[in-house]
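Visitor: To start, I am sharing the structure in question, which I have written as structure tokens.
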Amino acid sequence: MAKCTFPIGPQHPALKEPESFNITTEGERVVAVDIRLGYIHRGIEACCQHRNYVRSQYNCERICGICSHVHAWTFCRCVEQLLGLEVPMRAIYIRTIVAELERIHSHLLWLGVAAHEVGFDTLFMYVWRDREVVQDLLELISGNRCNYGMVTIGGAKMDLTDEIIAKCLEGLAVLKERTEYYAQIATTEGTFLKRVEGVGILTEEQAREYGAVGPTSRGSNVPYDAREAFPYEAYSEIDFKAITSDLGDVLGRTIVRVLETIQACDIATELLEKLPEGDIQARAKPRVPEGEAVCRTEAPRGELIYYMRSNGTDKAARVKVRTPSLANWPATILMLEGAYVADVPITIASIDPCMSCTDR
Amino acid sequence: MMSELGEAAIERVRREYEGRILETAEFGVYEVTMTVPPEEIVAACRFVSENGWWHLSTITCQDWGEELELLYHFNGDKPPAITVRTRVPKATPKIASITPQLPAATIYEREAYDMFGVVFESHPNPKRLILPDDWPDDVFPMRLEEIQAQAERDQKEKEENG
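In the order they appear, the protein sequences are chains A and B. Numbering follows this note's numbering, with no gaps: position 240 of the first sequence is 366. Numbering follows this note's numbering, with no gaps: position 112 of the second sequence is 593.
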């Protein structure tokens with residue numbers, strides 16, 4: 127059969143963000159995929175070399191609109207490491223709580239998008255309705271629905287009052303209950319299963335070899351979670367295990383994300399209940415001594431890594447950001463090869479791709 | 482001061498790695514580094530990936546003026562993580578690609594080529610990844626001279642606009 131190559135993107139109705147895939151097909155099967163990035167490259171790494179640490183932090187927060195908090199958080203952790211700054215315990219807890227709320231919001235957003243991609247729009251609308259609960263909590267805490275601005279170098283921006291804590295606990299209970307219902311749907315609803323079972327297969331060896339991260343690799347039974355492997359901030363004080371699934375297909379990734387949402391509700395609840403008293407801000411000097419730091423964070427989409435080198439001035443000499451979406455592309459190409467053309471949208475959606483993250 | 486875990490990891494690398502190691506150190510939290518000569522990068526990365534640090538997180542490139550430094554960040558299931566580092570001269574920035582051994586590196590190597598002009602020899606797909614197709618072949622936007630030029634342009638623009 128004759129081969130046919132056609133582009134999907136950078137402007138395409140099935141993609142929400144600009145990215146280009148050149149797909150070669152033979153009949154209904156995809157035989158080769160070539161990917162081209164950079165349509166929304168903003169040069170944020172270079173910007174960090176032009177701006178001081180405080181301005182760079184807010185710049186980095188805008189790398190992604192969904193997981194913005196983890197970017198600012200990882201940036202600040204790098205600077206704090208270079209400064210040798212001791213962050214107050216209460217601030218550490220608040221930062222971790224916001225990160226877990228962000229994970230809930232990101233995973234629910236993804237579940238809605240995935241449901242929409244497979245034509246299950248009822249689930250999409252239900253999930254997005256419930257996602258408003260966590261959005262309201264984040265707005266209550268920080269004043270914003272996204273780009274919360276909750277971290278500063280050496281602490282947290284805003285404190286949690288008793289009233290906010292009570293409202294959060296209430297909201298988390300609702301979210302947990304709803305997500306458990308979605309977990310049940312995702313594993314039993316026939317129309318959904320038919321569409322995701324055996325689609326976008328990634329084996330454990332492939333996931334390891336091609337450097338997949340986050341729910342994409344955990345859905346292929348790779349038990350790597352940066353929160354567990356390199357416990358940072360408040361995660362060292364909580365007992366939890368990375369969630370995995372051995373299915374290795376879109377269903378596996380769905381199960382991991384839904385269960386992680388439930389786990390995130392538990393972690394956030396535990397942290398809110400254990401929230402220590404005290405200050406939320408340590409004083410930081412504007413000039414950072416020479417040195418290097420590497421920080422790994424488990425963002426909603428997977429491991430996020432920052433490398434930072436300082437040269438003794440108020441500007442960083444090099445900031446390198448590797449976002450989870452970028453790491454997942456080689457594995458995605460592997461999933462697409464051999465798949466049906468009709469499965470391309472859901473397979474791409476199953477890694478929860480963020481093009482703004484990919485390009486930076 | 483070195484942590485116990487970091488010290489043990491460095492000792493192990495020193496004992497078991499058969500190639501040349503120029504330097505080892507510990508930095509930050511959970512991180513050790515080993516510096517190797519550029520011609521041994523494939524062997525060093527293979528050694529690291531076969532000894533528990535199975536996951537290549539990313540490759541960082543940075544410009545030191547005369548030289549470009551490459552950092553290969555690896556990690557395993559527990560601390561410490563390891564960074565393999567090497568330097569290539571900026572005039573002839575060539576190094577062997579590790580993609581044939583570690584497919585995870587493909588996208589990071591292509592990014593380092595686009596931004597810094599490091600040529601990864603025997604990379605299976607050495608095409609542009611991020612920059613547009615009509616981007617000039619000899620301009621690498623993350624190199625120091627480009628960063629400097631941009632800073633000057635910014636300054637000029639600021640002065641012109643008051």
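Even for Gly, the Cβ is constructed at its ideal location relative to N, Cα and C. All values derive from a computational prediction rather than experimental measurement.
Check whether the Cβ atoms of VAL384 (chain A) and ALA312 (chain A) sit closer than 7 Å, and answer yes or no.
Guide: Cβ distance < 7 Å, so VAL384 (chain A) and ALA312 (chain A) count as in contact.
Visitor: Whose C-alpha, out of B:ASP558, B:ARG609, B:GLU497 and B:GLU550, is nearest the C-alpha of PRO519 (chain B)?
Guide: Closest by alpha carbon: B:GLU550.
Visitor: Report the residue ranges of all alpha helix (DSSP H) runs contained in full by the stretch 408-484 of chain A; include only those spanning at least 4 residues, in chain order.
Guide: Runs found: 450-462 and 470-476.
Visitor: According to DSSP, is ASP595 (chain B) helix, strand or coil?
Guide: Three-state result, ASP595 (chain B): helix.
Visitor: Taking only beta-carbon atoms, is ALA368 (chain A) less than 7 Å away from chain B?
Guide: By this cut-off, ALA368 (chain A) is not an interface position.
Visitor: Does PHE356 (chain A) get closer than 7 Å to chain B when you measure Cβ to Cβ?
Guide: True, the Cβ-Cβ gap to chain B drops below 7 Å.
Visitor: Indicate the three-state DSSP secondary structure (helix, strand or coil) for ARG188 (chain A) in the structure shown.
Guide: Residue state, collapsed to three classes: coil.
Visitor: Verify the CB distance criterion: does VAL213 (chain A) have a CB-CB separation below 7 Å to chain B?
Guide: Not closer than 7 Å to any Cβ of chain B, the Cβ of VAL213 (chain A) fails to qualify, so no.
Visitor: Using DSSP bridges, identify the partner residues of ASN556 (chain B).
Guide: B:HIS536, per the DSSP bridge assignment.
Visitor: Anything in chain B within Cβ reach of LEU237 (chain A), meaning under 9 Å, just list it in chain order.
Guide: Those within 9 Å of LEU237 (chain A) in chain B number zero; the least Cβ separation is about 26 Å.
Visitor: Going by beta-carbon coordinates alone, are ALA282 (chain A) and ASN454 (chain A) separated by less than 7 Å?
Guide: It is not a contact, given that the beta carbons lie outside the stated cut-off.
Visitor: Going along the chain, which residues of its own chain have a beta-carbon closer than 6 Å to the beta-carbon of PRO412 (chain A), five neighbours each way excluded?
Guide: Correct list, in chain order: ASP440.
Visitor: Spatial neighbours of ALA425 (chain A) within its chain, please: C-beta separation below 6 Å, excluding the five flanking residues on both sides.
Guide: So the list reads CYS193, VAL196 and PRO450, once near-sequence residues are dropped.
Visitor: Do you know offhand how far GLU335 (chain A)'s Cα is from VAL180 (chain A)'s?
Guide: The alpha-carbon atoms of GLU335 (chain A) and VAL180 (chain A) are separated by roughly 37 Å.
Visitor: In angstroms with no decimal places, state the Cα-to-Cα distance between GLU522 (chain B) and ALA309 (chain A).
Guide: The identity of residue 522 (chain B) in the sequence shown is Ile, whereas the question assumes Glu. The alpha-carbon atoms of ILE522 (chain B) and ALA309 (chain A) are separated by roughly 45 Å.
Visitor: Need the endpoints of the beta strand (DSSP E) that CYS193 (chain A) sits in, please.
Guide: It is not in any beta strand (DSSP E) - CYS193 (chain A) carries neither H nor E in the DSSP assignment.
Visitor: Give the DSSP-derived three-state secondary structure of LYS129 (chain A) in the structure shown.
Guide: Strand, per DSSP.
Visitor: As a quick exercise: from A:CYS294, A:ARG162, A:GLY340 and A:ALA352, pick the residue whose alpha carbon is nearest that of SER144 (chain A).
Guide: First, the amino acid is wrong: residue 144 (chain A) is Pro here, not Ser. It is A:ARG162.
Visitor: Does the beta carbon of TRP534 (chain B) come closer than 7 Å to any beta carbon on chain A?
Guide: Taking Cβ atoms only, chain A never reaches closer than 7 Å to TRP534 (chain B), which makes this a no.
Visitor: Please determine, among B:GLU602, B:GLN543 and B:GLU497, the residue with the shortest C-alpha to C-alpha distance to PRO646 (chain B).
Guide: There is simply no residue 646 (chain B) to check, as chain B begins at 482 and stops at 643 in what is shown.
Visitor: Spatial neighbours of GLU359 (chain A) within its chain, please: CB distance less than 7 Å, with the 5 preceding and 5 following residues excluded, ordered by chain position.
Guide: Answer for GLU359 (chain A): ILE218, ARG221 and THR222, listed in chain order.
Visitor: Can ALA410 (chain A) and GLY275 (chain A) be called in contact, C-beta distance under 7 Å?
Guide: Contact: no.
Visitor: Could you tell me the alpha carbon to alpha carbon distance between GLY557 (chain B) and ALA299 (chain A), rounded to whole angstroms?
Guide: When rounded, the distance between both Cα atoms is 35 Å.
Visitor: Counting only beta-carbon separations shorter than 7 Å, does GLY509 (chain B) have a partner in chain A?
Guide: By this cut-off, GLY509 (chain B) is an interface position.
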